[in-house]
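Asks: After the structure tokens below, expect a handful of questions from me.
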Amino acid sequence: MISQALALERTGRIKEAVEVELDFIKEFSGTEAARRLLLRSAINLIRLGNLEMADSLLSLDSLAPFYYWRGKIKTIKGNNPDSQYTILKERFPFSYYSIYRLKSYPKTDTTNLSDWISSLTHHKSGDTSIFVRVKKYYDLGLTNLVDRTIANYRTDDPVLMYRIIIFSRNLGLDWHSINLARRLIRRGIKEG
Numbered sequence: 003m004i005s006q007a008l009a010l011e012r013t014g015r016i017k018e019a020v021e022v023e024l025d026f027i028k029e030f031s032g033t034e035a036a037r038r039l040l041l042r043s044a045i046n047l048i049r050l051g052n053l054e055m056a057d058s059l060l061s062l063d064s065l066a067p068f069y070y071w072r073g074k075i076k077t078i079k080g081n082n083p084d085s086q087y088t089i090l091k092e093r094f095p096f097s098y099y100s101i102y103r104l105k106s107y108p109k110t111d112t113t114n115l116s117d118w119i120s121s122l123t124h125h126k127s128g129d130t131s132i133f134v135r136v137k138k139y140y141d142l143g144l145t146n147l148v149d150r151t152i153a154n155y156r157t158d159d160p161v162l163m164y165r166i167i168i169f170s171r172n173l174g175l176d177w178h179s180i181n182l183a184r185r186l187i188r189r190g191i192k193e194g
């Protein structure tokens with residue numbers, strides 16, 4: 003069905019492609035393929051000028067592209083898209099749609115990194131303790147512990163992940179900063 007829809011799109015038969023896409027979405031509801039096709043059919047509906055139906059399809063999911071395209075629909079209708087774009091930028095600050103489409107770059111604290119790391123010794127947050135541990139291991143020349151600590155680190159906070167990337171780079175741990183950056187990019191892609 004997906005191949006059929008894509009073939010119809012390529013030949014310019016967008017309306018027929020949308021019908022096939024919607025059939026697939028109904029039949030395979032809840033699957034990742036249906037989720038992706040939901041977005042594709044909504045974009046095709048926008049191309050056809052059926053903004054109401056496109057908006058109703060986009061309201062069924064909450065990934066970054068869905069907020070972006072709902073904002074586009076508001077713009078086409080002459081309405082202010084800020085409500086959709088604000089949600090997009092807040093929930094998905096590192097997504098393609100936030101950074102490249104809306105030109106919204108994540109704001110990070112510009113505090114001097116060494117001052118900020120020094121201040122962490124007074125905090126009890128386990129999430130930021132990695133900075134203190136890694137710095138201590140690094141200063142003692144315990145490179146194996148530095149490697150293991152950074153390689154095993156996990157966080158759900160993209161801003162903290164960004165700080166760890168900068169921290170690793172500043173210590174000359176390029177391999178770790180590149181791998182952490184790849185993790186952050188994959189997360190941004192996954193979130194939309």
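Residues 3 to 194 (the numbering used here) are what the sequence shown spells out, left to right.
All residues carry an ideal CB built from backbone N, CA and C; glycine is no exception.
The alpha helix (DSSP H) that contains G14, what's its start and end?
Replies: From DSSP, G14 is part of no alpha helix (DSSP H); its letter is neither H nor E.
Asks: What three-state label does DSSP hand G156 in the structure shown?
Replies: Position check: residue 156 holds Arg in this sequence, whereas Gly was assumed. Coil.
Asks: If I measure Cβ to Cβ from L50 and keep anything under 8 Å in the same chain, skipping five residues before and after, which residues do I get?
Replies: Contacts found: I16, K17 and V20.
Asks: Would you grab the beta carbon distance between V148 and Y140 for me? Rounded to a whole angstrom, and I think it's under 8 Å.
Replies: Yes, they are in contact, since the Cβ atoms of V148 and Y140 sit about 5 Å apart, within 8 Å.
Asks: In angstroms, rounded to a whole number, what distance separates the CA positions of I166 and S179?
Replies: In a straight line, the C-alpha of I166 is about 8 Å away from that of S179.
Asks: Give the range of the alpha helix (DSSP H) segment to which I101 is assigned.
Replies: Looking at the DSSP string, I101 is not in any alpha helix (DSSP H), and its letter there is neither H nor E.
Asks: Let me know if L41 comes out buried or exposed under the rule of 16 or more other beta-carbons within 10 Å of its beta-carbon.
Replies: Its Cβ being crowded by 16 or more others within 10 Å, L41 is buried.
Asks: Output the distance between the C-alpha atoms of L162 and V136, rounded to the nearest integer angstrom.
Replies: Distance between the alpha carbons of L162 and V136: 15 Å.
Asks: So what does DSSP say about G128, is it helix, strand or coil?
Replies: Per-residue confidence for G128 stands at a pLDDT of 43, beneath the threshold of 50, marking its modelled position as unreliable; no derived number is given.
Asks: Taking DSSP as the reference, what is the three-state secondary structure of N181?
Replies: N181: helix per DSSP, three-state reduction.
Asks: To the nearest whole angstrom, what separates the beta carbons of A66 and S85, a pair I think is in contact under 8 Å?
Replies: With 8 Å as the limit, A66 and S85 do not qualify as a contact, their Cβ atoms being about 15 Å apart.
Asks: What first and last residue would you give for the alpha helix (DSSP H) that runs through K91?
Replies: Segment D84 to R93, the alpha helix (DSSP H) holding K91.
Asks: Between A36, Y155 and R103, which has its C-alpha nearest T130's C-alpha?
Replies: Measuring from the Cα of T130, the nearest candidate turns out to be Y155.
Asks: Just reading off the alpha helix (DSSP H) that G73 is part of, what are its end residues?
Replies: Start and end: A66 to I78.
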